[in-house]
Amino acid sequence: MTINGWIQILIFCGIVVLLVKPLGGYMTRVYQGERTFLSFIFAPFERLLYRLAGTSENEDQHWTTYAAGMLAFNLLGFLVLYALQRFQAGLPFNPAGMGAVGPELAFNTATSFVTNTNWQNYGGESTMSYLVQMAGLTVQNFVSAATGMALAIALVRGFSRASAKSIGNFWVDLTRSTLYILLPLCIVLTLFYVYSGVPQTLGAYIDATTLEGAKQTIAVGPVASQLAIKMLGTNGGGFFNANSAHPFENPDALVNLVQMVTIFAIGAALTNVFGRMVGNQRQGWAILASMGVLFIVGVIVTYWAEAAGNPLIHALGIEGGNMEGKEVRFGIPLSALFAVVTTAASCGAVNAMHDSFTALGGMIPIINMELGEVIIGGVGAGLYGILIFVIIAIFVAGLMVGRTPEYLGKKIEGKEVKMAMLAMLCLPLAMLVFTAISVVMPSAVASIANQGPHGFSEILYAYTSAAANNGSAFGGLTGNTPWYNITLGIVMMMGRFMVIIPALAIAGSLAAKKTVPASAGTFPTDSGLFVGLLVGVILIVGGLTFLPALALGPIAEHLAIAAGQTF
Amino acid sequence: MSKMKSVSIMDAAIIVPAIGAAFKKLDPRSLARNPVMFVVAVVSALTTVLFLKDIAVGNSNLGFSFQIIIWLWFTVLFANFAEAVAEGRGKAQADSLRRTRTETQAKLLTGEDRAKFVMVPGAGLKVGDLVLVEAGDIIPSDGEVVEGVASVNEAAITGESAPVIRESGGDRSAVTGGTQVLSDWIKVRITAAAGSTFLDRMIALVEGAERQKTPNEIALNILLAGMTLIFVLATATIPSFATYAGGSVPVVVLVALFVTLIPTTIGALLSAIGIAGMDRLVRFNVLAMSGRAVEAAGDVDTLLLDKTGTITLGNRQASEFRPIKGVTEKELADAAQLASLADETPEGRSIVVLAKEKYAIRERDMRTLHASFVPFTAQTRMSGVDVEGSSIRKGAVDAILDHVAKGPAAALASSASGVATMQASSASIVEIRAIAEEIAKSGGTPLAVVRDGRPLGVIHLKDIVKGGIKERFTELRRMGIRTVMITGDNPMTAAAIAAEAGVDDFLAQATPENKLQLIREEQAKGKLVAMCGDGTNDAPALAQADVGVAMNTGTVAAREAGNMVDLDSDPTKLIEIVEIGKQLLMTRGALTTFSIANDIAKYFAIIPAMFLAFYPQLKVLNVMNLSTPQSAILSAIIFNALIIIALIPLALRGVKYHAVGAASLLRRNLIIYGLGGIIVPFIGIKAIDMVVSALGLA
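Now the structure itself:
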């Protein structure tokens, strides 16, 4: 580890923290329907959309109606995206002449983009037409992110409203997330990326003749626009197969920094929106601090593991950290940081191959995802994910102050606990059960690239990434088989909707409750003590479940390498 | 005040039957009430069956499996034992109550005029029947006195042997079946049928027969069941992972890991905590009609307390003599003392005492003075004496001034000096009123004194705020509880006493209506309200309050409306009730936290042991340096079982509540039960491992 490396990491953290308040303030105004400096452009358009959809911004929905709208919208998005892929050969904007995508892969990809996962069992430049990339994938990149943000706001309303029947209007939240937040930021970012050298063209791939006289086809396309939303919406699906390790998708250190910052920007700012909407910004900062503690620990471990390198290679007389699978223009610190950021935040874009990380360096991304993507997390998903942990933490420890547990004046009772436990149950169910089936299925094991514990980690990583709606891959695993296409698709849906529906139920139940005024007897939830408690509960309740799997994967691998053993 | 005989935690009379009960509770129907322990019993049965199969096929190395299975069953039995001990304490109390519920004969009044009675068995009485109870009789069932007055020994239910007066009308008309009339007679209208009397309910409550899960307990059970399911997934997937790694894990080891991971500690003690909470109230002589009420007590935000008897001593006391101009203090004290000599009310006695203390005016004998006492009547609203031709009166200021205006002054009006007297008296009336107002403002009650139609001054009767009550309120404030004083006084007086006692707010000139209104307002703000009351007019407010504590001396209506009954009729006890409620919730939270925190050490004991056969490098995770894999697993399961026994006293006694505010309370408990929960099992498992390997068990 170097001072220079740490300075780069601190600059990143500093920028994210500085963005929290202004962005949070702006987003709060947007969600509360107040005028913003962009209203003069978007407000007429917004009203037109509501009129077309037959709704109104004053029409509030019960949580079941909200959930039904969300599910219907996602189903429609899935069907459109599936159809686009299957029929892309006959549709316009296909200069490379791509053929129809197979049914399993199309199912996997459609699920992947609708659930904000962006797991890619395909290489973009060799599979998808420009139309699918733009009208299919990029559209879902926007609306799946907006769906997550809407859901988070709905849950926040559960806390901020009292004795209310409704938790907001899904269509309004979806529209505002897209129109006022994602779209303007993406336009600015796209221009910046184009300026930095990222391609943005509808033209055909370029043929170049190399110095040796060989012909090389260079894939281009509308990259910059997809890149902007890929990060901002924590989607992570790359235009190119190599994702943000590709020079056209991540040309230099500055673009790399902007990409990392935009992964965290909205998720971090949502904690501030939460604080503002419940009337105490400190509540938001406490949540962000808990996320921050877990994040920093992850960065330290990964950076340390990567900088320390592989003892087996050291034994060959080659000094230095682990550079396998990393881009030289980013080096160890920025690759390690990127890996932690992208898995903490459910993004899944990569600028280095996680498969090539050291055992422990690669374990942190797995842990980040196993905790349910609550460290900043996916846009919206991170906030509702951590609020579910908050409910559990408050319920367990809140009793210790001698009152029925309350959070922000809302009593946490049977219904909330039931829904929170349902959501908690979904992760081990999706991650562990499918891994357990795959590792004993010869056809599934055939997809792994390495034997021994590392191969185990590859399968574990795939299901973990899918269930957490992250989408990053550990490489190594050949995922484009019917088994993985279908099961990963199912796992992505479980990871998304088995959390969303209980979260909405909690929102509905909380909104209907009275708000108990705080007193000296109330458990303070904006203190360091609460931060420590929350971190402890996330690690013990969320993390310990996975210890056996981690012991057999990365931990066994790490100890074996340390002992000089290979597989 | 004598409390009901309490039974110590580790009494042989409770332990021995509890051991038997622990086995009886292995009945699946009884286990099914507790999801966590039910699951443990199921996997224990499963491993037992597998073990029997292993014996049948003659597998070797059965000693280790046998020990694990034994400890698995112990885990279940220990949980049953904890519940049985908690119930046992209640049963002992119920038995002593039951002995008082002997078969009684009742004198049922019959006929048109209800003058005659026939003897019928007490159990055959119906609601509405009228019975006569005479000296020496046991009151056959709960009822309301409709005629007569009698002294009653209620020791059977309150443990208090001093007799209490029960009379028709007013707030002391309720009688309880099983108590005994000591003198005189009363006619009682029966209000409860046999089997549903107060005593019956009390027996059922302390026995735990009527115990229903409270809302918080249900929520906690959901959490525990959810965690159990999560750990089912975590352990059920291990065999497949192990197969990939080229090894295998015996079922008995998986079961051991599973049982140690699921929250058995809190699962085993949860119902014991609930029963013990109710029991603690019973030993405080408070009967909660439901566990829900006890839980609600912990959540109370606002306490409504009656001023008289709770905040102030029941009686006002004379604290000062305030003469008007031209009258000496001693003169006033002398008149006041004479007027109060025969006044047996506490206020009257306190005037005599003050006169003696301050002016050394000796007590005089009424007879030697040839004085005649004029008692207080509702019409005159004053009392006094007529002595040596002069009349002295004391009473409410208005009443006395009325008396001055009409009485002797009118008789004197014809005389020449009469005009002067009139003038003097109109000036003194103004002065009296001024003094009276001043006293009222300071929270006191003014009592005017007049001799022969001439006002002398005012006695300052002071409400004496109970010693230590201010500190109690400060403590309550630190607990986050707002106290509101309820009083019939005028706002001025109320404000002064409220300030002196240190309550947060007061309701002056309280009526049943505005009391109810106040409770509703607080509840609309999301607050939980507790109050106590005894009169029939308190019933609506008691019913509306989240925690309504009815005084045992109160009316039947009040007792029906409240969700708790205080057998000692001590309104101050509301504060203890709140503490008991908090203690109940805290104990649950503390043991849940402890139970979950334990998992870290258990993982570190079992995981390396489990996988060592195929990944020997994992021995690094054996941070406790346990001697062998078998010993590690066995030690973890033994620790898991023994910790239940070790925590039974804490579960029954409850975690101590300190009124220090939520933040420091949480910090303290998180350190003890959270951090402690992480560290203790590391030490415990290591210690057990040393014993296990020393004994050569594994």
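Taken in sequence, the protein lines are chains A and B. According to UniProt numbering, the residues represented by the first sequence are 1 to 567, in order. According to UniProt numbering, the residues represented by the second sequence are 1 to 698, in order. In this text, a Cβ means the ideal position worked out from N, Cα and C, and glycines have one as well.
8 angstroms Cβ cutoff, S2/B in contact with chain A: Caution is warranted here: a pLDDT of 37 is assigned to S2/B, below 50, making its placement in the model unreliable, and the coordinate value is therefore given only provisionally. For S2/B, not one C-beta of chain A is nearer than 8 angstroms to its own C-beta.
Contact with chain A by A106/B, beta-carbon distance below 8 angstroms: no
Which one or two residues does DSSP pair with V374/B in a beta bridge? G384/B.
Option in V655/B, R292/B, I645/B and Y673/B with minimal Cα separation from I15/B: I645/B
Residues in the region 579-597 of chain B with C-beta within 9 angstroms of chain A's C-beta atoms, listed in sequence order? E579, G581, K582, Q583, L584, L585, M586, T587, R588, G589, A590, T592, T593, I596 and A597
First and last residue of the uninterrupted alpha helix (DSSP H) at G677/B: G676 to A694
Measuring alpha carbon to alpha carbon, tell me which residue in Q140/A, I388/A and P428/A is nearest P548/A. P428/A
Taking T228/B as the reference, which of F38/B, R478/B and I55/B has the closest Cα? F38/B
Could you give the uninterrupted runs of the beta strand (DSSP E) lying entirely in the region 520-588 of chain B, keeping only those of 3 residues or more? 529-533, 547-551 and 564-566
Cβ separation of K470/B and Q317/B, assumed to be a contact under 8 angstroms, to the nearest whole Å: Approximately 18 angstroms separates the beta-carbon atoms of K470/B and Q317/B; this is outside 8 angstroms, ruling out the contact.
Within chain A, partners of K525/B - CB distance below 7 angstroms: Contact annotation for K525/B against chain A: P517 [CB-CB distance below 7 angstroms, chain order].
So that I know if they touch, is there some Cβ in chain A lying closer than 8 angstroms to that of I230/B? yes
Which residues in the same chain have their Cβ closer than 8 angstroms to the Cβ of G495/A, if we skip the five residues on either side of it in sequence? T115, T117, C426, L427, A430, A466, A467, A468 and N469
Which ranges would you report for the beta strand (DSSP E) in the region 417-498 of chain B if only whole runs of at least 3 residues count? Correct list: 445-451, 454-465 and 482-486.
Exposed unless 16 or more other CB atoms sit within 10 angstroms - verdict on Y205/A: exposed
What residues from chain B crowd round E413/A, counting only those whose CB sits closer than 9 angstroms? P215, N216, I218 and A219
Short check: CB of S205/B to CB of T176/B, under 8 angstroms? The amino acid occupying residue 205/B in the given sequence is Leu; Ser does not appear at that position. Cβ distance not < 8 angstroms, so L205/B and T176/B don't count as in contact.
From E324/A, V143/A, I41/A and V188/A, residue whose alpha carbon lies closest to that of N74/A: V143/A
If you draw a straight line from the alpha carbon of L223/B to that of L269/B, how long is it in whole angstroms? 15 angstroms
Hey, how far is the Cα of V251/B from the Cα of T47/B? 7 angstroms
Whole angstroms are fine: how far does the CA of A349/A sit from the CA of G90/A? 30 angstroms
Within the 8 angstroms Cβ cut-off, does F159/A reach chain B? no
Using 8 angstroms as the threshold, is the region 558-572 of chain B in touch with the region 502-516 of chain A, meaning 3 or more CB pairs across them? At 8 angstroms Cβ cutoff, the stretches do not touch.
Measuring alpha carbon to alpha carbon, tell me which residue in G221/A, A208/A and L151/A is nearest M128/A. G221/A
Would a C-beta distance cut-off of 8 angstroms place I596/B and V541/A closer than the cut-off? yes
Could you confirm whether any beta carbon from chain B is found closer than 8 angstroms to the beta carbon of I540/A? yes
Using the C-alpha atoms, what's the distance from A155/B back to A336/B? 41 angstroms
What whole-angstrom Cβ distance do I153/A and G168/A have, given they're in contact under 8 angstroms? 7 angstroms
Check whether the region 118-125 of chain A touches the region 468-485 of chain A, counting contact only when three or more Cβ pairs, one atom from each stretch, lie closer than 8 angstroms. With a cut-off of 8 angstroms, the region 468-485 of chain A and the region 118-125 of chain A count as touching, because enough Cβ pairs lie within range.
Can at least three beta-carbon pairs, one atom from the region 350-368 of chain A and one from the region 377-392 of chain A, be found at a separation below 8 angstroms? no
Given a threshold of 16 other Cβ atoms within 10 Å of its Cβ, counted over all protein chains shown, does P311/A qualify as buried or as exposed? exposed
Spatial distance of E125/A from F240/A (CA atoms): 6 angstroms
Any C-beta of chain C under 8 angstroms from that of V80/A: No chain C appears in this structure, whose protein chains are A and B.
If you run the structure through DSSP and keep just helix, strand and coil, what is Q140/A? In the three-state reduction of the DSSP assignment, Q140/A falls in the helix class, which pools H, G and I.
Ends of the beta strand (DSSP E) at T117/A? No beta strand (DSSP E) contains T117/A, which DSSP labels as neither H nor E.
Within-8 angstroms CB hit, K5/B to chain A: For K5/B, the predicted model reports a pLDDT of 44, less than 50, meaning its position is unreliable; a value from the coordinates is still stated below. No, K5/B does not count as interfacial toward chain A.
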